[in-house]
Structure formats: structure tokens, C-alpha cells
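Chemist:
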Amino acid sequence: MNIFSKESVYYRLKIEMKIRFVTAFHLGSGMEGEAGSDNGIMTDPNNMPFLPGSSIKGIFRSTVERLVSALRMEKIWACGLQNGLYSTKSCIGGGVAKENKTYHEANKQYQESNGDDISLIEQNCCSVCQLFGSPLTAGRLYIDDAFINNAEDFVLSKRDGVGINRDSGTSMDSVKYDYDVANTGLKYAISMEAQEVTEQEMGLIALGILEWKHAGIRIGGKTTRGLGHAVIEDISVSHIDLSRVDERKAYLLKGEMKRENNVDEFFQEKIDKIIA
Ligand SMILES: [Zn+2]
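Position one of the sequence shown corresponds to residue 164 (my numbering), numbered consecutively onward.
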């Protein structure tokens with residue numbers, strides 16, 4: 164995509180924050196656990212629990228989708244690709260039928276222009292699919308894997324679970340299983356970068372970040388049993404305006420970005436721009 168061919172102004176945004184678990188958590192590995200349980204947790208090469216960037220991005224996307232659909236804005240909308248929930252309009256980024264004509268036309272336009280012409284995608288893709296990605300296009304928001312900050316505090320333990328019959332909601336005594344959990348108090352740093360985003364997309368990101376800040380986040384499995392609750396602390400934001408030569412130069416030559424002093428104010432201002 165040639166970002167300077169369009170009239171919109173684009174930004175690059177980097178957000179860093181610390182997260183701290185206020186409960187134990189279980190981010191399942193799908194394999195047997197180190198503590199001898201049936202369900203282990205995801206671990207890094209040092210055998211420490213870690214949070215894959217893709218998992219964090221999925222949680223962030225869900226948060227933004229939920230808020231976008233709750234706010235019922237005119238031009239900004241979410242199809243709910245991730246949750247399959249909100250089908251107010253049909254988005255070609257999400258679950259369209261294979262024979263959908265618009266999907267094929269948009270895809271053809273994109274391929275034949277080598278990614279330069281995305282007008283059909285922009286017209287027919289929801290705001291969330293455009294920012295986070297869909298089967299049609301790659302997203303422009305990246306989140307790194309998060310590794311533990313206080314490895315010395317890590318304690319692995321095993322919990323018993325009871326199988327629940329999903330239809331009746333009752334427990335099935337015959338199905339007993341156990342799973343590993345990482346303890347409360349573990350800390351991580353999350354780093355996300357949004358590339359070539361519009362002012363409007365910064366508003367979407369701001370919505371999600373402020374929601375995380377106020378409500379915390381739920382990570383991993385068994386969250387309905389009180390696991391996986393984390394709080395967000397120390398958010399920092401830096402950005403560059405790609406239409407400004409001085410900012411672009413400083414970034415390309417020295418990796419410099421403008422750091423915001425008042426993060427809350429910055430996010431509030433972006434939100435005000437999308438919510439009239
Ligand atoms: Zn969509």
C-alpha cells in the first residue's frame with residue numbers, strides 16, 4: 164500500500180504498558196502440564212509463563228469490537244469477525260459466502276494494483292477488520308509477545324477441575340481433570356505498535372486502551388471461575404505524524420517518536436474526535 168497516495172494523514176503509534184495479575188491465571192498450552200496436570204500453561208524457553216502477542220491482540224480486538232458496536236456510530240462499525248456477534252452490515256472481511264461478488268471484486272482490485280487500490284475494501288470492510296486484519300488484508304496493529312518481569316516470584320501450582328456438561332450446565336462427576344495455574348502478582352510489559360493508522364483508528368485504539376485501564380483485562384481460560392484478571396499500569400504513548408517531514412526524518416534516522424506527557428488527555432482527545 165502506498166500510504167502517501169491518499170489524502171488522509173497517517174500516524175505511527177507506539178503504546179507501552181505494564182500489566183499485573185491480581186489473580187492466578189491459566190493460558191493453556193494444550194499439552195500436559197509441568198506440575199503433572201492434564202492441562203499445562205504456555206511457557207517461554209526459560210519455562211516461565213508468557214503471554215503470546217496473538218492472544219493479547221485477540222483480547223484487544225474483542226474489547227474494541229464490543230465498544231464499537233455498543234456505541235452505534237455511523238461510519239465506524241464492527242462486524243464481529245472474532246466473536247461472530249454483530250452483523251449489522253455485511254463486512255467482506257468477515258464471514259461472507261465464498262461466492263460473494265463484492266469480496267471477489269475487492270480482492271481482484273487489491274491484487275491487480277499490488278495493494279495500492281483498496282477503495283473497495285475500505286468501502287465494504289468494517290473498521291475493526293481494517294485495523295486488526297481479516298482474511299482479505301493484513302492488519303496494521305502489532306503486539307509483541309510479553310515475557311515475565313518478575314520471574315523470581317513465579318510459582319506453578321495445580322488445580323482440580325470438574326467437567327461441565329455444556330448443554331445442561333451441570334457437572335459431570337465422571338469427568339475430572341486438573342490444570343496448571345501461574346500465581347497472582349506476576350508482571351508483564353505489553354508493547355503494541357500501530358502503523359499507518361488514521362486519526363479515526365487512533366480513536367478506536369484509544370477506546371480499547373481506556374477500557375483496559377478502567378476495567379482491567381481477562382486473559383486465558385477459566386476466567387468465569389475468577390482466573391486471569393490483570394490490571395493495567397504505567398501506560399506510555401509515543402507517535403509520529405507521517406505527513407510531517409521533520410517527524411518522519413527524526414523517526415527514520417534516529418528512531419525518534421514524540422512522547423505524550425498526558426496519556427489520558429491524548430486518548431480522550433482521540434475518542435472525542437470519533438464520538439460526536
Ligand atoms: Zn469486519
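Think of the CB as a built atom: it goes at the ideal place given N, C-alpha and C, for glycine as much as any other residue.
All of these numbers come straight from a predicted model, not from anything done at the bench.
Taking the alpha carbon of Ala357 as the reference point, which residue from His402, Asp308 and Asn425 has its own alpha carbon closest?
Modeler: Comparing Cα-Cα distances from Ala357 to each of His402, Asp308 and Asn425, the minimum goes to His402.
Chemist: I'd like to check one pair, Ile204 with Gly193: are the Cβ atoms closer than 8 Å?
Modeler: Against a cut-off of 8 Å, the Cβ pair of Ile204 and Gly193 comes out as no contact.
Chemist: Let me make sure I understand the geometry here. Which of Gly383, Ala369 and Lys417 has the alpha-carbon closest to that of His377?
Modeler: The option with the nearest alpha carbon to His377 is Ala369.
Chemist: Could you check where the alpha helix (DSSP H) with Phe430 kicks off and where it finishes?
Modeler: It spans Val426 to Ile437 - the alpha helix (DSSP H) in which Phe430 sits, taken as one unbroken run.
Chemist: I need the straight-line Cα distance from Lys177 to Asp409, nearest angstrom please.
Modeler: Going from the Cα of Lys177 to the Cα of Asp409 covers about 18 Å.
Chemist: Look at Leu294 and Glu364 and say whether their C-beta atoms are less than 8 Å apart.
Modeler: It is a contact, given that the beta carbons lie within the stated cut-off.
Chemist: Could you pull out every unbroken beta strand (DSSP E) segment of at least 3 residues lying fully inside the region 264-320, listed in chain order?
Modeler: 304-306, all fully within the region 264-320.
Chemist: Relative to ligand 1, is the shortest distance from any of its heavy atoms to the C-beta of Gly256 smaller than 7 Å?
Modeler: Within the cutoff, so yes.
Chemist: What does DSSP give as the partner residues of Asp404 in its beta bridges?
Modeler: Note: Asp404 sits in a beta bridge opposite Tyr174.
Chemist: Below 8 Å, can you find three or more Cβ-Cβ pairs linking the region 286-302 to the region 220-230?
Modeler: Yes: the two stretches touch, three or more of their Cβ pairs being nearer than 8 Å.
Chemist: Which value, in whole angstroms, describes the spacing of the CA atoms of Gly389 and Cys288?
Modeler: One C-alpha to the other measures close to 36 Å.
Chemist: Check the DSSP bridge columns for Val185 and list the partner residues they point to.
Modeler: Paired residue(s): none; Val185 is not in a bridge.
Chemist: So if DSSP puts Gly384 in a beta bridge, which residue, or which two residues, is it bridged to?
Modeler: According to DSSP, which records beta bridges pairwise, Gly384 is partnered with His189.
Chemist: Whole angstroms is fine: what's the gap from Ser168's alpha carbon to Gly216's?
Modeler: Annotation note: pLDDT 41 at Ser168 (below 50); position unreliable, coordinate value reported separately. Whole-angstrom Cα-Cα distance: 31 Å.
Chemist: Take every Cβ of the region 308-316, pair it with every Cβ of the region 269-276, and state whether three or more of those distances are shorter than 8 Å.
Modeler: No: fewer than three Cβ pairs fall under 8 Å.
Chemist: In chain order, what residues of the same chain lie with their CB nearer than 7 Å to the CB of Ala187, ignoring the 5 residues before and after it?
Modeler: These residues qualify, in order along the chain: Val344, Ala345, Asn346, Thr347 and Leu390.
Chemist: Could you tell me the distance, in whole angstroms, from the CA atom of Phe184 to the CA atom of Glu275?
Modeler: Going from the Cα of Phe184 to the Cα of Glu275 covers about 47 Å.
Chemist: Could you please give me the residues that DSSP links to Asn202 through a beta bridge?
Modeler: Partner(s): Tyr342.
Chemist: Measuring alpha carbon to alpha carbon, tell me which of Gln431, Arg407, Lys339 and Cys292 ends up nearest Gly243.
Modeler: Measuring from the Cα of Gly243, the nearest candidate turns out to be Cys292.
Chemist: So the candidates are Val325, Ile219, Leu349 and Gly379; which of them puts its Cα closest to the Cα of Tyr340?
Modeler: It is Val325 whose Cα lies nearest to the Cα of Tyr340.
Chemist: On the three-state DSSP scale, how would you describe Glu179?
Modeler: Note: Glu179 maps to strand in three-state DSSP.
Chemist: Please state whether DSSP places Asp207 in a helix, a strand or coil.
Modeler: Asp207 falls in the coil class under three-state DSSP.
Chemist: DSSP has His392 in a bridge; who is on the other side?
Modeler: Note: His392 sits in a beta bridge opposite Arg381.
Chemist: Considering only heavy atoms of ligand 1, does any lie closer than 7 Å to the CB of Val227?
Modeler: False, no ligand heavy atom lies under 7 Å from that Cβ.
Chemist: By alpha-carbon positions, which one of Tyr305, Ile284 and Asp427 ends up nearest to Ile353?
Modeler: Nearest option by C-alpha distance: Tyr305.
Chemist: Given a threshold of 16 other Cβ atoms within 10 Å of its Cβ, counted over all protein chains shown, does Asn165 qualify as buried or as exposed?
Modeler: Reliability of the predicted coordinates at Asn165 is poor, the pLDDT of 41 falling under 50, and the value obtained from them is presented with this limitation in mind. So Asn165 counts as exposed.
Chemist: What three-state label does DSSP hand Arg322 in the structure shown?
Modeler: In the structure shown, Arg322 sits in a strand (DSSP, three-state: E or B).
Chemist: Would you please state the rounded distance, in angstroms, between the beta carbons of Arg422 and Ser399? I believe it to be under 8 Å.
Modeler: That pair is a contact at about 7 Å.
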